[in-house]
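This report refers to the structure that appears directly beneath it.
Residue numbers (the working numbering): 4 to 151.
Okay, here's the thing in structure tokens:
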């Protein structure tokens, strides 16, 4: 279809498992590649909703989303594709292999960079490492009184 762009979304999912920071990389048997978790938007879904859903489906993870990393664009089988990414803190969950993703690895950033199959994913990982991951949240609650 002329002018059609595939829209997708995903995340750099990170955790500290009693040691240094690790990120999730997934193996897709269909392509025999290693990538960051991502997938196509469903009809009526926002990019952020799709990113959280795809990470849940591919990694089995519940996550806390922090900052948006940005977008990457490339051609997938000759069709333009635009993928939006967010930083996602792993909060729990269990990986279950599927036809879409058959293996999950938690790796240091350096090992993940070497494992990833595509330069575009390595670029997203570089953007992820450009800003420290949040280790706390501050909520400012203001007491106010509504007027008439």
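All C-beta atoms, glycine included, are put in the ideal place defined by N, C-alpha and C. The model shown is predicted, which means the values in this text are computed figures rather than measured ones.
- Residues of the same chain with a CB within less than 6 Å of the CB of residue 54, apart from the 5 flanking positions on each side, are 12, 13, 14 and 89 in chain order.
- Short of 7 Å from the beta carbon of residue 40, and not among the five residues preceding or following it, lie these beta carbons of its own chain, in chain order: 13, 14, 16, 27, 29, 57, 58, 61 and 62.
- DSSP places residue 8 in the coil class of the three-state scheme, outside both helix and strand.
- Residue pairing by DSSP places residue 30 opposite 37 and 106 in a beta bridge.
- Membership of residue 111 in any beta strand (DSSP E) is not indicated, and neither H nor E is assigned to it by DSSP.
- Assignment of residue 123 by DSSP, reduced to helix, strand and coil, places it in the helix class.
- Three or more Cβ pairs closer than 8 Å define a contact, and the segment 66 to 76 falls short of that threshold against the segment 31 to 49.
- Residue burial is scored here from C-beta neighbours: residue 104 has at least 16 other C-beta atoms within 10 angstroms and is therefore classed as buried.
- Per DSSP, residue 79 is not a residue of any alpha helix (DSSP H); the beta strand (DSSP E) it occupies stretches across 64 to 79.
- Pairing residue 19 with residue 108, the inter-Cα distance amounts to about 14 Å.
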